[in-house]
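The structure appears right after this line, and notes come after that.
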Amino acid sequence: MNAVELIPSQAASANATSAYYDLGGKIDFAIQVSFTGSDVAGVLTLEAAVDPALGWVKVLDSDQSVTSSAGHIWNVTGAGYRYIRIKWAYSSGTGNIKALIYLKD
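Mapping to numbering that gives the first Met the number 0: the sequence shown position 104 is 103, numbers consecutive.
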């Protein structure tokens, strides 16, 4: 399977929550978040749900601080939840954010 955009390239200068992704029966995936621009800073978090109608829960230890427009990748194995999304909490800087998910067969 090819990578799918969770966050299309957009301004990183505001908080954002990606669309959620249905993992189906997949339990292994990677999410890459990239930034362009000048010293974009903030915090990335993974949120998961078994059923989005019941609410979203932060994936334990998933908070990642971003400084100086540095990208990040999560490599998740053995996920027991069905839905995943990313939250971006903006702090400072100017530039763009983009996020892709890749599921392993």
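C-beta: ideal position from N, C-alpha, C; glycine also. Computed from a predicted model, the values in this text were never measured in an experiment.
For residue i, the three-state DSSP class (helix, strand or coil)
{"i": "residue 69", "result": "coil"}
{"i": "residue 22", "result": "coil"}
{"i": "residue 78", "result": "coil"}
{"i": "residue 11", "result": "coil"}
{"i": "residue 52", "result": "helix"}
{"i": "residue 59", "result": "coil"}
{"i": "residue 103", "result": "coil"}
{"i": "residue 17", "result": "coil"}
{"i": "residue 27", "result": "coil"}
For residue i, the nearest candidate out of the options (CA to CA)
{"i": "residue 61", "options": "83, 51, 54", "result": "83"}
{"i": "residue 85", "options": "93, 32, 8, 26", "result": "32"}
{"i": "residue 94", "options": "47, 55, 69", "result": "69"}
{"i": "residue 29", "options": "65, 64, 1, 39", "result": "1"}
{"i": "residue 34", "options": "74, 65, 77, 5", "result": "65"}
{"i": "residue 63", "options": "53, 54, 74, 5", "result": "74"}
{"i": "residue 50", "options": "20, 76, 6", "result": "20"}
Per DSSP, cross-strand counterpart(s) of residue i
{"i": "residue 97", "result": "33"}
- prompt: Can you find at least 3 beta carbon pairs, one from the segment 2 to 15 and one from the segment 43 to 60, that sit closer than 8 Å?
  reply: no
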